[in-house]
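Using this note's numbering, count along the sequence shown one by one with no gaps and you end on 212. For each residue, glycine too, the CB sits at the ideal point set by N, CA and C.
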Amino acid sequence: MHLKPILLLAALGILASCKGEKAEDTTEDKTLAKTEAKPAPGFTALKHSNKALILANSLTLFNKDKSPKSTVSKLYGLIVDLDSISDRRFALGKIDDECQEYNFAYANSLKIKGWIHGKYVYQYLHDDRDTVFTLQGTEFRLYATKTLNMGVTNNGDLTFCGEENPVVLYNSKTKAEALVVIEPHDDYAKSTYMVLDAFDGWEDKITGSFLL
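Here you go:
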């Protein structure tokens, strides 16, 4: 009988077919792995003209691939011009929290010039909390500021992320701008500067001014 050789040939044919399918699957997996490659660690610069207050004594300057290159000190309270920001927000270190993600910003001033992480960079908001008042013939302006994170709202929706809004005072007579410094009045209000904060659904606002 020729039955055994026929069965053997059939078994070899099935085995060869299985091996071929396995090889095809492996090729598909490799192709899929290539298409799912992680994006580059850097960012694209977007034009963004504004002013910002720095509330850190020292900041690291970064390259556009987010690698650090140098440190600049004695910056606390400095007002700088912003030229650009990154197209995305990033957290420094292994932090999985959108509230801790900030844009990088390109600061341009005599003391610091380059890309800095936005955690301690408070840009002017130019919103309805800005206040203009006149005292003894001199016009003053108060600007609320915020860091370069998502904030309490994103595209009109509440994020439940915290937000602090320090205030900058502009004197039209001297052309000077500076953080409004205050003395804490009790153990519960330990901030050393004035804020006009916004939280989930409410915000601080100045309703009047007078000389003491």
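- In this model, Gln123 and Asp65 are separated by some 23 Å (Cα to Cα).
- Distance check between Ile79 and each of Asn108, His126, Ser67 places Asn108 closest, using alpha-carbon atoms only.
- When DSSP reads this structure, Tyr124 sits in a beta bridge with Thr145.
- Judged by beta-carbon spacing, Asn103 lies within the 8 Å limit of Ser86, meaning their Cβ atoms are closer than that value.
- Counting only the Cα atoms, Val195 lies some 14 Å from His185.
- Secondary structure remark: continuous alpha helix (DSSP H) runs of at least 4 residues inside the stretch 173-197: none found.
- If you look at Ile54, you'll find it in the beta strand (DSSP E) that goes 45-54.
- Out of Asp81, Leu125, Ile112, Lys47, the CA that lies nearest to the CA of Thr60 is found in Ile112.
- Taking the C-beta atoms as reference points, Asp130 is found no nearer than 8 Å to Leu148.
- Your pair Ala105 and Leu82 checks out as a contact, with CB atoms roughly 5 Å apart and the cut at 8 Å.
- Under the DSSP assignment, Ile116 falls in the beta strand (DSSP E) whose first and last residues are 113-117.
- For Pro166, there is no enclosing beta strand (DSSP E), as DSSP marks it with neither H nor E.
- With a 10 Å radius around the Cβ and a threshold of 16 neighbouring Cβ atoms, Phe43 comes out buried.
- By the 16-neighbour rule on beta-carbons within 10 angstroms, Ile95 is exposed.
- Distance from the CA of Ile182 to the CA of Lys74, rounded to the nearest whole angstrom, comes to 20 Å.
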